[in-house]
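For reference, the structure discussed in these notes is given below.
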Amino acid sequence: MNFIGELQWRGMIHDLTPGTEDQLSKEMTVAYIGYDPTSDSLHIGNLASIMMLVHFQRSGHKPIILIGGATGMVGDPSGKSEERNLLDEKELKHNQECIKKQLEKFLDFSNPVNPAEMVNNYDWTKEFGFLQFLREVGKHITVNYMIAKDSVRNRMESGSGISFTEFSYQLLQGYDFCWLFEHKNCKLQMGGSDQWGNILTGTELIRRKLGGEAYALTCPLITKVDGGKFGKTEAGNIWLDPKKTSPYKFYQFWLNASDEDAAEYIKKFTLLTKEEIDDVIRKHAEAPHLRTLQKMLAKDITIRVHSEEEYLAAVEASEILFGKGTTETLKKLSEDTLLSVFEGVPQSEVSRTEIAKKINIVDFLAGVTRIFQSKGEARRMLKEGGVAVNKEKVSEEFEINESYLLNNHYLLIQKGKKNYYLVKVV
Numbered sequence: 014m015n016f017i018g019e020l021q022w023r024g025m026i027h028d029l030t031p032g033t034e035d036q037l038s039k040e041m042t043v044a045y046i047g048y049d050p051t052s053d054s055l056h057i058g059n060l061a062s063i064m065m066l067v068h069f070q071r072s073g074h075k076p077i078i079l080i081g082g083a084t085g086m087v088g089d090p091s092g093k094s095e096e097r098n099l100l101d102e103k104e105l106k107h108n109q110e111c112i113k114k115q116l117e118k119f120l121d122f123s124n125p126v127n128p129a130e131m132v133n134n135y136d137w138t139k140e141f142g143f144l145q146f147l148r149e150v151g152k153h154i155t156v157n158y159m160i161a162k163d164s165v166r167n168r169m170e171s172g173s174g175i176s177f178t179e180f181s182y183q184l185l186q187g188y189d190f191c192w193l194f195e196h197k198n199c200k201l202q203m204g205g206s207d208q209w210g211n212i213l214t215g216t217e218l219i220r221r222k223l224g225g226e227a228y229a230l231t232c233p234l235i236t237k238v239d240g241g242k243f244g245k246t247e248a249g250n251i252w253l254d255p256k257k258t259s260p261y262k263f264y265q266f267w268l269n270a271s272d273e274d275a276a277e278y279i280k281k282f283t284l285l286t287k288e289e290i291d292d293v294i295r296k297h298a299e300a301p302h303l304r305t306l307q308k309m310l311a312k313d314i315t316i317r318v319h320s321e322e323e324y325l326a327a328v329e330a331s332e333i334l335f336g337k338g339t340t341e342t343l344k345k346l347s348e349d350t351l352l353s354v355f356e357g358v359p360q361s362e363v364s365r366t367e368i369a370k371k372i373n374i375v376d377f378l379a380g381v382t383r384i385f386q387s388k389g390e391a392r393r394m395l396k397e398g399g400v401a402v403n404k405e406k407v408s409e410e411f412e413i414n415e416s417y418l419l420n421n422h423y424l425l426i427q428k429g430k431k432n433y434y435l436v437k438v439v
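Numbering follows the working numbering, with no gaps: position 352 of the sequence shown is 365.
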């Protein structure tokens with residue numbers, strides 16, 4: 014597989030230095046991408062660079078993942094308007110271990126020919142003294158060169174300014190590339206387009222300090238067609254960690270993408286071939302209401318990040334709101350998924366003593382919960398078959414007890430076709 018050609022048709026190249034393609038065609042090449050370890054999880058904003066590494070390894074080259082244990086203690090000013098919080102060594106190490114587990118779902122760390130490798134720049138900078146750094150790194154890059162970078166200039170022109178700590182970031186990142194070039198034969202650094210300036214500082218340092226030639230390649234920052242920030246919702250980032258973003262919410266994010274966005278995402282975030290993607294887009298255009306494109310996109314990414322089991326559970330959970338779910342489906346949902354599915358529907362709490370013994374459905378609906386304003390209204394709806402408990406229609410004689418609780422805490426009441434109420438028993 015031709016790496017550059019693969020990225021080009023997928024729309025994943027923003028900039029690359031001259032000679033990059035020649036280098037890749039000449040020999041198995043080592044390349045790296047750096048990740049900020051300020052969280053114990055990556056998010057979907059990292060997916061584009063992860064997929065670059067995936068394609069790189071599939072093309073026969075060796076990918077290195079650099080965890081910025083040292084640079085994470087400094088903070089990258091690129092795209093940031095304020096100084097970030099600094100982390101301690103223990104927290105950074107924990108975050109690194111969590112990130113590797115997530116990347117193992119994408120990259121092969123045991124391939125005998127070109128295994129993925131993870132390194133931490135803290136390992137080669139923790140003993141690097143300040144005076145030594147100035148002599149071996151600082152003297153090779155001029156202040157004029159550093160100030161010319163957009164990330165620095167933008168911060169200097171902003172009201173908040175930039176500290177010397179963050180100003181020095183590009184030297185630290187440049188030294189990472191230089192160290193990897195010298196010790197790991199790494200000749201290419203990749204990243205998002207906002208990293209172009211920092212990456213070029215690395216190629217320049219390699220040229221001036223070691224007399225070597227190194228290369229840079231960046232992908233476009235992913236944005237939504239409407240101009241909104243990709244991966245951001247009202248609730249915040251969409252994380253790869255199921256504890257931070259449930260598989261159901263993760264699946265829903267992709268399922269709810271616009272047609273235009275989904276057509277771009279499926280190229281950038283899946284391994285489907287051009288022919289397969291063209292076929293899905295064609296089928297989607299013939300019947301857009303079926304959302305074939307979004308379903309294929311959501312399926313592929315949810316299985317890759319979570320599992321096929323979590324994907325199937327997310328599909329079943331999604332169908333509940335459209336009347337296809339059953340009591341058995343509800344019982345299989347985890348508490349997090351249940352709350353995710355019914356986020357936004359009216360919720361109320363009742364005491365467990367209220368249902369410790371059997372309680373008539375009319376008393377429960379019109380007395381304990383006030384889902385209905387009167388018992389008469391509740392009886393009329395029950396007679397018409399318009400009330401369901403946990404997706405099963407019930408009659409006026411129905412009695413609720415603890416055996417009906419979902420996850421030992423919840424009851425789902427449905428009033429008519431579309432009105433849901435989630436009752437929590439405490």
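All C-beta atoms, glycine included, are put in the ideal place defined by N, C-alpha and C.
Within 10 angstroms of the beta-carbon of N198 lie fewer than 16 other beta-carbons, which makes it exposed. In terms of CA proximity to Y182, T84 leads the group T339, V363, T84, M64.
With a minimum length of 4 residues, the unbroken runs of alpha helix (DSSP H) contained wholly in the stretch 214-289 fall at 260-268, 272-282. The Cβ neighbour count for E289, taken over all protein chains shown within 10 Å, is under 16; the residue is labelled exposed. In this structure, the alpha-carbon of A229 lies about 38 Å from that of R304. Judged by DSSP secondary structure, L395 falls within the alpha helix (DSSP H) whose first and last residues are 388-396.
DSSP, reduced to helix, strand and coil, places L116 within a helical segment of the structure shown. One Cα belongs to L105, the other to A61, and the distance between them is close to 23 Å. Secondary structure at G357: coil, using DSSP grouped into helix, strand and coil.
Burial is judged here by how many other beta carbons sit within 10 angstroms of a residue's own beta carbon; A161 has fewer than 16 and is exposed.
When V165, H68, D136 are compared, the shortest CA-CA separation from L120 is found for H68.
The way I'd put it, the stretch 383-399 doesn't touch the stretch 413-425; fewer than three beta-carbon pairs between them come closer than 8 Å. Within the stretch 42-77, the complete beta strand (DSSP E) segments at least 3 residues long are 43-48, listed from N- to C-terminus. At a Cβ-Cβ threshold of 8 Å, V436 and V354 do not count as neighbours. Residue pairing of A401 in beta bridges, as defined by DSSP: K406, Q427. DSSP links V438 through a beta bridge to V363. Secondary structure at D28: strand, using DSSP grouped into helix, strand and coil.
DSSP places E140 in no alpha helix (DSSP H); its state is neither H nor E.
In its chain, beyond the 5 residues on either side, P90, V165, R168, M169 have a beta carbon closer than 7 Å to the beta carbon of I175.
The three-state reading of DSSP puts N157 in helix, counting H, G and I together.
Annotated as proximal: T350 and S259, with beta-carbon spacing under 8 Å. Cβ-Cβ distances below 6 Å link M203 to A44, I46, M65, L230 in the same chain, with the five nearest sequence neighbours on each side left out; the list follows chain order. Within the same chain, and ignoring the five residues on either side of W267 in sequence, the residues whose Cβ sits closer than 8 Å to its Cβ are A275, Y278, Q307, L310, A311, I314, T315. Rounded to the nearest angstrom, the Cβ distance from K404 to L343 is 6 Å, consistent with a contact under 8 Å. Listed in chain order, the non-local C-beta contacts of Y434 below 6 Å within the same chain comprise P359, I384, I426, local neighbours out to five positions each way being set aside.
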